[in-house]
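Undergrad: First to last, the protein sequences are chains A and B.
Using the numbering used here, count along the first sequence one by one with no gaps and you end on 402.
Using the numbering used here, count along the second sequence one by one with no gaps and you end on 402.
Here it is: the structure, laid out below.
Protein chains: 2
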Amino acid sequence: MSRLLEHLAELASIGERPDGGVCRLAFTDLDLAGRSMVAGQLQNAGLEIRVDAIGNLFGILRGSTSLPAVMVGSHTDTVGTGGRFDGALGVVAAVECVTKMQESGRIPERTIVVASFVNEEGVRFMPDMMGSLYHSHQITLRDAMAALDSAGTSIGQELDRQVGFAGTDTLDDLEIGFFLELHIEQGPILESENRQIGVVAGVQGLSWTEVEVLGSSNHAGTTPMDRRRDAGLVSGDLMSALRQLPAEIENLRLTIGSVTYHPNLVNVIANRVTFTVDMRHPDPDRLLTAEARMTEILNYPTVCDVSHKRLARTQPCHFSDTVISAVQSASDELGYSSIKMISGAGHDAQILQSIYQSGMIFIPSRGGISHSAEEFSTPEQVEAGTRVLFGALQRLAGA
Amino acid sequence: MSRLLEHLAELASIGERPDGGVCRLAFTDLDLAGRSMVAGQLQNAGLEIRVDAIGNLFGILRGSTSLPAVMVGSHTDTVGTGGRFDGALGVVAAVECVTKMQESGRIPERTIVVASFVNEEGVRFMPDMMGSLYHSHQITLRDAMAALDSAGTSIGQELDRQVGFAGTDTLDDLEIGFFLELHIEQGPILESENRQIGVVAGVQGLSWTEVEVLGSSNHAGTTPMDRRRDAGLVSGDLMSALRQLPAEIENLRLTIGSVTYHPNLVNVIANRVTFTVDMRHPDPDRLLTAEARMTEILNYPTVCDVSHKRLARTQPCHFSDTVISAVQSASDELGYSSIKMISGAGHDAQILQSIYQSGMIFIPSRGGISHSAEEFSTPEQVEAGTRVLFGALQRLAGA
Numbered sequence: 004m005s006r007l008l009e010h011l012a013e014l015a016s017i018g019e020r021p022d023g024g025v026c027r028l029a030f031t032d033l034d035l036a037g038r039s040m041v042a043g044q045l046q047n048a049g050l051e052i053r054v055d056a057i058g059n060l061f062g063i064l065r066g067s068t069s070l071p072a073v074m075v076g077s078h079t080d081t082v083g084t085g086g087r088f089d090g091a092l093g094v095v096a097a098v099e100c101v102t103k104m105q106e107s108g109r110i111p112e113r114t115i116v117v118a119s120f121v122n123e124e125g126v127r128f129m130p131d132m133m134g135s136l137y138h139s140h141q142i143t144l145r146d147a148m149a150a151l152d153s154a155g156t157s158i159g160q161e162l163d164r165q166v167g168f169a170g171t172d173t174l175d176d177l178e179i180g181f182f183l184e185l186h187i188e189q190g191p192i193l194e195s196e197n198r199q200i201g202v203v204a205g206v207q208g209l210s211w212t213e214v215e216v217l218g219s220s221n222h223a224g225t226t227p228m229d230r231r232r233d234a235g236l237v238s239g240d241l242m243s244a245l246r247q248l249p250a251e252i253e254n255l256r257l258t259i260g261s262v263t264y265h266p267n268l269v270n271v272i273a274n275r276v277t278f279t280v281d282m283r284h285p286d287p288d289r290l291l292t293a294e295a296r297m298t299e300i301l302n303y304p305t306v307c308d309v310s311h312k313r314l315a316r317t318q319p320c321h322f323s324d325t326v327i328s329a330v331q332s333a334s335d336e337l338g339y340s341s342i343k344m345i346s347g348a349g350h351d352a353q354i355l356q357s358i359y360q361s362g363m364i365f366i367p368s369r370g371g372i373s374h375s376a377e378e379f380s381t382p383e384q385v386e387a388g389t390r391v392l393f394g395a396l397q398r399l400a401g402a
Numbered sequence: 004m005s006r007l008l009e010h011l012a013e014l015a016s017i018g019e020r021p022d023g024g025v026c027r028l029a030f031t032d033l034d035l036a037g038r039s040m041v042a043g044q045l046q047n048a049g050l051e052i053r054v055d056a057i058g059n060l061f062g063i064l065r066g067s068t069s070l071p072a073v074m075v076g077s078h079t080d081t082v083g084t085g086g087r088f089d090g091a092l093g094v095v096a097a098v099e100c101v102t103k104m105q106e107s108g109r110i111p112e113r114t115i116v117v118a119s120f121v122n123e124e125g126v127r128f129m130p131d132m133m134g135s136l137y138h139s140h141q142i143t144l145r146d147a148m149a150a151l152d153s154a155g156t157s158i159g160q161e162l163d164r165q166v167g168f169a170g171t172d173t174l175d176d177l178e179i180g181f182f183l184e185l186h187i188e189q190g191p192i193l194e195s196e197n198r199q200i201g202v203v204a205g206v207q208g209l210s211w212t213e214v215e216v217l218g219s220s221n222h223a224g225t226t227p228m229d230r231r232r233d234a235g236l237v238s239g240d241l242m243s244a245l246r247q248l249p250a251e252i253e254n255l256r257l258t259i260g261s262v263t264y265h266p267n268l269v270n271v272i273a274n275r276v277t278f279t280v281d282m283r284h285p286d287p288d289r290l291l292t293a294e295a296r297m298t299e300i301l302n303y304p305t306v307c308d309v310s311h312k313r314l315a316r317t318q319p320c321h322f323s324d325t326v327i328s329a330v331q332s333a334s335d336e337l338g339y340s341s342i343k344m345i346s347g348a349g350h351d352a353q354i355l356q357s358i359y360q361s362g363m364i365f366i367p368s369r370g371g372i373s374h375s376a377e378e379f380s381t382p383e384q385v386e387a388g389t390r391v392l393f394g395a396l397q398r399l400a401g402a
């Protein structure tokens, strides 16, 4: 397992920040350096390297049969203040698994494809999970290439600049049946439930809304309370009502994380307040119910003008029962304590579930923290996750 | 009355903005130009000019007796997006009154002192009402001179630069008994009650507080609702509770006009929210009650750490019954409709009440709007206010 930890540390040294965190924003030179390192590891393991037009990196280990292949991997890009595990673990552990298979000299029945998808985080270029969206034909190359960062640079320009980053491969010659991803939980459940492995049954759906409340600015001292159109007061009432929804709809997660007041002065009644609503639910119907209740609340008559628009929406995803079973039995056989759970965050696996039977394995995140220099999983947790990944891969690929 | 309107228009031309508003921030060259114009008007009216060390401008019209003098005036500085009436009206109308007295040839029993106080607005240099605070010995010259604007320039530096802005006079040779100020209401009451004159009985007290709520940032998707320390949710509950106080304490005006979220992202639970509370009440005891209730609410146990600090505090002020009566009877004799009212905004008169028997006259503000290019009172309203000022001044000064 020391080789795996060494590879993780090598990858973390690319884009390492003074606080110990990592910054490899998608399509930067550091991102390219990280991906080149992974390509080198795949070549060392004797795999055939392929790169598609958006820069998704694949390593092929040929199986003994023509049965549909098993894809395994994650991503190596990070957020601006990223950690050493989010994404990187799933790629490095996949490399470790195929390397071990090569070393054992046993050829799996099914071809195994190690995948490192580009731009999962979507921080520099929207949308997130771009590489898997492109691979699963949910975004066109043209649209992806046209995405601009805040400096006005397109992905197309970055790919033109970086020789070897983008290829021409399409993987169309390969029939692929499964996708498997190991990832840190990025939440507190495994740690607080004291379990070693999360058998991920699906990913909750997400609904983002921006609300704008328009009132009238007036003097805080001279304007009687009953003559006000206070966008602060009205938005506060709406937010209070919205924050009651998780008590009404079981398992709903609702966050109002961004609130902006105008003109934002102590003695002036706010004439404009905007705020965001982030709602997540594993059940499609309950997420629709939450959205309907939100709309109902935002349509309450008030003294202000209230409008809202959708910022993002992903459907809840249920993973393949075949893959879930493979993960569960691999974990059980290794004697790890596990829990079946729903992912709170979004992952490439939920995108690929539209074309492949997919599934995920979680290991604990200390303090539930991710996207931070404090992101941490112990060597033992990393080892447990990688062993379960290997076991599940053996089951799915027939090795 | 055309002379008065002409003087108002002349003053508004100094610092006029493209939208019709006015910007004469305290101690700028435009402020100096405005004050120089007023000094010229006072000289034209035959008054003796005096300037004190902070730049308060006085014009003395000697009375026939040694009875305590009557001071009358306001200020000519504006906020950044000021109007043509706030402050300027009270100074120009005072000049008009003494000019009319001079023209009538009748010498008043009491000396009349026209006053134009510096830096009433307190936008560029804190605190507001600085000139009247200095005149009434509530702030030292040293402290006032040391006040810095956002560029780091002190009032002392500005006064050194501007020849003639600061004098050496103290007015110590004059015994002054009364202060009278004409001002626009800056609120909607006179307009909506359809009254011509506001007989101002006092100024409500003000209490400004800044509240800080500290929680923990976490992923909006992966963090269960019951494991959160959401500074947004906790501050929302506190704001809702605080906004109930006006229903509990009659005549309390409460405004939360500034709210700031950190890190202010759609999918991250806020770890820090700051907000301000602006409370006003005409009754000292009720204002204390409101502050005590606020503290009680802010001490509710929550999952976050809540702290607060006072930003500003002024005591409610009750004006002199003698001056209130003089204003009321002047208005009645002229046949104007009037209402006794409390000022919602702060004024020099409330500062001077600590040393002189003081009072104010309000005229309507269209739409209750001030500190804006839309600030407006009709020529008829300006005339009514000036005639009541003249009548009250005659009563107090024996003219």
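Positions of the beta carbon are idealized from the N, C-alpha and C atoms, including for glycine.
Under 8 Å from any heavy atom of the ligand ATP, does the C-beta of B/D281 make it?
TA: As presented, the structure is devoid of all ligands, the ligand ATP included, so that no description of it is given.
Undergrad: Which of the residues in the region 174-197 of chain A, read from start to end, lie with their CB under 9 Å from any CB of chain B?
TA: From the region 174-197 of chain A, only E188, Q189, G190, P191, I192, S195 have a Cβ closer than 9 Å to chain B.
Undergrad: Give a yes or no on whether the C-beta atoms belonging to B/V269 and B/E184 are separated by under 9 Å.
TA: Start at 1 with the first residue of the second sequence, and residue 269 of chain B comes out as number 266. Start at 1 with the first residue of the second sequence, and residue 184 of chain B comes out as number 181. No, the pair does not count as a contact, with Cβ atoms beyond the cut-off.
Undergrad: For B/I366, which of B/I300, B/G190, B/E19, B/T305 has the nearest alpha-carbon?
TA: As a working note, residue 366 of chain B is residue 363 in the second sequence. Selected option, being the one with the closest Cα: B/G190.
Undergrad: Which residue's Cα is closest to the Cα of A/I327: A/L392, A/G347, A/F379, A/D55?
TA: Your numbering for residue 327 of chain A matches position 324 in the first sequence. Nearest of A/L392, A/G347, A/F379, A/D55 to A/I327, Cα basis: A/L392.
Undergrad: How would you label A/L45, buried or exposed, when you count the other beta carbons within 10 angstroms and need 16 or more for buried?
TA: Numbered from its first residue, the first sequence carries residue 45 of chain A at position 42. By the 10 Å Cβ count, A/L45 comes out buried.
Undergrad: Determine, using beta carbons only, whether A/G239 comes closer than 9 Å to chain B.
TA: Numbered from 1 along the first sequence, position 236 holds the residue referred to as residue 239 of chain A. Closer than 9 Å to some Cβ of chain B, the Cβ of A/G239 qualifies, so yes.
Undergrad: Identify whether A/T325 lies in helix, strand or coil by the three-state DSSP scheme.
TA: The residue you call residue 325 of chain A lines up with position 322 of the first sequence. Helix, per DSSP.
Undergrad: From which residue to which residue does the beta strand (DSSP E) around B/H186 run?
TA: Walking along the second sequence from the start, residue 186 of chain B turns up at place 183. Segment 179-187, the beta strand (DSSP E) holding B/H186.
Undergrad: CB-CB under 7 Å to A/G24, same chain, minus the five flanking residues each way: which ones, in chain order?
TA: Counting from one through the first sequence, the residue named residue 24 of chain A turns up at place 21. The answer, listed in chain order, is T84, G85, G86, S375, A376.
Undergrad: Cα separation between B/Q318 and B/P227?
TA: Translated into positions along the second sequence, residue 318 of chain B becomes position 315. Translated into positions along the second sequence, residue 227 of chain B becomes position 224. About 46 Å.
Undergrad: Would a check of beta-carbon distances place B/R87 closer than 9 Å to chain A?
TA: One-based indexing of the second sequence puts residue 87 of chain B at position 84. No, B/R87 does not count as interfacial toward chain A.
Undergrad: Hey, out of A/R38, A/N122, A/G90, whose CA is closest to A/M132's CA?
TA: Within the first sequence, residue 132 of chain A is the residue found at index 129, counting from 1. Checking every option, the nearest Cα to that of A/M132 belongs to A/N122.
Undergrad: So what does A/P264 bridge to, in DSSP terms?
TA: The residue labelled residue 264 of chain A in the question sits at position 261 within the first sequence. Before going further, note that residue 264 of chain A is Tyr rather than Pro in the sequence given. Its beta-bridge partners are A/V276.
Undergrad: Given that A/P249 touches chain B, what residues does it touch there, using C-beta distances under 7 Å?
TA: Here residue 249 of chain A is taken as the residue at index 246 of the first sequence, counted from 1. Residues of chain B passing the Cβ test: M228.
Undergrad: How about B/Q207: is its C-beta nearer than 9 Å to some C-beta of chain A?
TA: Within the second sequence, numbered from 1, the residue matching residue 207 of chain B stands at position 204. Output row for B/Q207: interface = yes.
Undergrad: Quick test of your reading: B/L337 and B/G394, contact by CB under 8 Å. State the CB separation rounded to the nearest angstrom.
TA: Position 334 of the second sequence holds residue 337 of chain B. Position 391 of the second sequence holds residue 394 of chain B. Contact flag correct, Cβ pair sits at about 6 Å.
Undergrad: Compare the Cα-Cα distances from A/S119 to each of A/L399, A/Y137, A/P130 and report the closest residue.
TA: On the first sequence, residue 119 of chain A is found 116 positions in, with the first residue counted as 1. Of the candidates A/L399, A/Y137, A/P130, the one whose C-alpha sits nearest the C-alpha of A/S119 is A/Y137.
Undergrad: In or out: A/P433 buried (at least 16 other Cβ within 10 Å) or exposed?
TA: This structure leaves residue 433 of chain A out entirely; chain A is present only between 4 and 402.
Undergrad: List the DSSP bridge partners of B/H78.
TA: Numbered from its first residue, the second sequence carries residue 78 of chain B at position 75. The partner list for B/H78 (beta bridge, DSSP) reads B/F120.
Undergrad: As a quick exercise: from A/I364, A/L396, A/G37, pick the residue whose alpha carbon is nearest that of A/A204.
TA: As a position in the first sequence, residue 204 of chain A is number 201, starting the count at 1. Closest option to A/A204, Cα to Cα, is A/I364.
Undergrad: Determine which residues of the region 265-298 of chain A have a Cβ less than 7 Å from any Cβ of chain B, and write them out in chain order.
TA: So the list reads N267, L268, V269, N270, V271, I272, A273, T279, D281, R283, given in the order they occur along the chain.
Undergrad: Give the DSSP-derived three-state secondary structure of A/R38 in the structure shown.
TA: Within the first sequence, the letter at position 35 stands for residue 38 of chain A. Three-state result, A/R38: helix.
Undergrad: With 9 Å set as the bound, which would you pick, yes or no: does the beta-carbon of B/H311 sit closer than that to a beta-carbon of chain A?
TA: The sequence position of residue 311 of chain B within the second sequence is 308, counting from 1. Cβ-Cβ to chain A under 9 Å: no for B/H311.
Undergrad: Exposed or buried, what is A/M282 when buried is set at 16 or more other beta-carbons lying within 10 Å of its beta-carbon?
TA: As a working note, residue 282 of chain A is residue 279 in the first sequence. Under this definition A/M282 is a buried residue.
Undergrad: Taking DSSP's pairing of strands, which residues face B/T173 in a bridge?
TA: Residue numbering aside, residue 173 of chain B sits at position 170 when the second sequence is read from its first letter. Paired residue(s): none; B/T173 is not in a bridge.
Undergrad: Quick check: is the beta carbon of A/M242 nearer than 9 Å to any beta carbon in chain B?
TA: Your numbering for residue 242 of chain A matches position 239 in the first sequence. True, the Cβ-Cβ gap to chain B drops below 9 Å.
Undergrad: When burial is assigned at 16 or more other CB atoms within 10 Å of the CB, is A/H311 buried or exposed?
TA: Here residue 311 of chain A refers to the residue found at position 308 of the first sequence. When all chains shown are included, A/H311 counts as buried.
Undergrad: Could you tell me whether the Cβ atoms of B/T263 and A/N274 are closer together than 9 Å?
TA: Counting from one through the second sequence, the residue named residue 263 of chain B turns up at place 260. Counting from one through the first sequence, the residue named residue 274 of chain A turns up at place 271. No. Outside cutoff.
Undergrad: Rounding to the nearest angstrom, what Cα-Cα distance links B/V216 and A/L291 in this structure?
TA: As a position in the second sequence, residue 216 of chain B is number 213, starting the count at 1. As a position in the first sequence, residue 291 of chain A is number 288, starting the count at 1. Cα to Cα, the separation comes out at about 32 Å.
Undergrad: Output, in chain order, the set of chain B residues within a Cβ distance shorter than 7 Å of A/N122.
TA: Counting from 1 along the first sequence, the entry for residue 122 of chain A is found at position 119. Within chain B, no residue comes near A/N122; the closest Cβ sits about 17 Å away, beyond 7 Å.
Undergrad: In its own chain, which residues sit with a C-beta less than 8 Å from the C-beta of A/L11, not counting the 5 before and 5 after it?
TA: Locating residue 11 of chain A in the first sequence gives position 8, where the first residue counts as 1. Here the set comprises R87, F88, A91, L92, V95, V385.
Undergrad: Say whether the region 142-157 of chain A touches the region 33-50 of chain A, bearing in mind that this needs 3 or more beta-carbon pairs closer than 8 Å, one atom from each stretch.
TA: Touching, no.
Undergrad: Could you tell me which chain B residues have their CB closer than 7 Å to the CB of A/S373, listed as they occur along the chain?
TA: Locating residue 373 of chain A in the first sequence gives position 370, counting from the first residue. Near A/S373 (Cβ distances below 7 Å), the residues of chain B are H222.
Undergrad: Spell out whether any CB of chain A is found under 9 Å from the CB atom of B/L217.
TA: For the purposes of this step, residue 217 of chain B is taken as residue 214 along the second sequence, with counting starting at 1. No, B/L217 does not count as interfacial toward chain A.
Undergrad: Are the C-beta atoms of A/V262 and some chain B residue less than 9 Å apart?
TA: To locate residue 262 of chain A, count along the first sequence from 1; it is residue 259. Judged by the 9 Å Cβ criterion, A/V262 is in contact with chain B.
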